[in-house]
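Under the numbering used here, the first residue of the sequence shown is numbered 160, with each subsequent residue one higher.
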Amino acid sequence: MTESTPVRRAQGLTLVMSPPDYFDVSYAINPWMDPAQWSASAELLSQHARDGWKALRACYEGLGAEVLVLPPVSGLPDLVFTANCGLVLDRTVFLASYRHPERQPEQPHGRAFFDRLKSEGYVDRIVTPPGGMHFEGAGDAIWDAHRGVLWSGFGMRSSAGIDRVLAETFGVTAIPLELRNPHFYHLDTCFCALSQGEVLIHEKAFSARDLDVIRERVGADRVLVASDDDADHLGVNSVSFRDAAGRDDVVLCYATDALRGQLRERGYDVHVVDLASFNRSGGAAFCLTLRLDQTTR
Ligand code: ARG
């Protein structure tokens, strides 16, 4: 009998999404969330969420991405935000450890899903954060392929010091950025690394010191600044990649003409998908997406 070598998957753009079958706003763990407002038009908002999610998936698939589905679980409305279930880099999964009790039950479902991905050849290794530390996945750990660094958000959800653990785990430089504005509670709500090397930020989410760190590292001419209007619609929470056709894309839920213009001028194809129902939970395109294909090489 010959032993077959396991297939190594996730070479191209591979994304994890989880459908909003049980998505709603039934608790409030950030200032975007208002359960009373949600329940006042729950049916309409749920339908809108399902439509938005399908459109986002179709957008990715249209650009050549493979989308893997994390099964939804009743009673876990925020499981749709797959960016939080871990960070995947070099086929290693660094699992989440959620801060809020409302989201902690998501963790074993993420774990089981990654175990499955491991047996199917998508990832090689699953590691957990040290006891007592919180980590909310790719939402707070943004891989900057251009510079080979991890931007590491902390202060609202992920613990201070998580940057050092990430740096050690992945053998890369991790740059801590402190979050202190409750509206921009995950790094991905106010910081996006674009596929050609620019970063898109919302300045008001950061201290003057951290803004200096960002400008110094990225180069001031490559820091794109999102307006309040863009940021307040979670337009910064965007996904950028080079697609199967070799084009650089930015997928986001909202962009003012000014932001669209800036992105197009830099050579990006801009794809706007309405995700307003997810904004009511404090989420948008990046939150609904977890990349499996990112590597440090
Ligand atoms: N309601 C969710 C929470 O507060 C939204 C998470 C959005 N995810 C993200 N990566 N920003 O945790």
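C-beta atoms are modelled at their ideal positions from N, C-alpha and C, and glycine is treated no differently.
(request) Return yes when the C-beta of HIS392 is under 6 Å from any heavy atom of the ligand ARG, and no when it is not. (result) no
(request) Check whether the Cβ atoms of ALA333 and ASP322 lie closer than 7 Å to each other. (result) yes
(request) Could you please give the first and the last residue of the uninterrupted alpha helix (DSSP H) stretch that includes GLY156? (result) An answer regarding residue 156 cannot be provided, because it is not within the stretch 160 to 456 covered by the chain.
(request) Quickly, what does DSSP pair THR332 with across the bridge? List them, please. (result) VAL308
(request) Keeping to the same chain, check which residues put their C-beta closer than 7 Å to that of THR161; ignore five residues upstream and five downstream. (result) Unreliable positioning characterises THR161 in this predicted model, as indicated by a pLDDT of 46, which lies under 50. The coordinate reading is nonetheless provided below. So the list is empty, once near-sequence residues are dropped.
(request) Name the two residues that bound the continuous beta strand (DSSP E) containing VAL398. (result) 398-401
(request) Taking 7 Å as the cut-off, decide whether the C-beta atoms of GLU295 and ILE188 are in contact. (result) no
(message) Restricting to Cα atoms, I'd like to know which of ALA404, THR173, GLY394, GLN421 is closest to VAL410.
(response) GLY394
(request) Alpha carbon to alpha carbon, how far is LEU227 from GLU220? Give it in angstroms, no decimals. (result) 11 Å
(request) Note the first and the last residue of the continuous beta strand (DSSP E) segment covering LEU174. (result) 173-176
(request) Would you mind reading off the limits of the beta strand (DSSP E) that contains LEU227? (result) 225-228
(message) Following a CB-centred definition, is MET415 positioned closer than 6 Å to any heavy atom of the ligand ARG?
(response) At residue 415 the sequence reads Thr, which differs from the Met that was named. Every heavy atom of the ligand ARG is 6 Å or more from the Cβ of THR415, so no.
(message) Can you give me the C-alpha to C-alpha distance between LEU451 and THR241, rounded to a whole angstrom?
(response) 11 Å
(message) At a cut-off of 6 Å, would you count ALA385 as near the ligand ARG, judging by its Cβ distance to the nearest heavy atom?
(response) no
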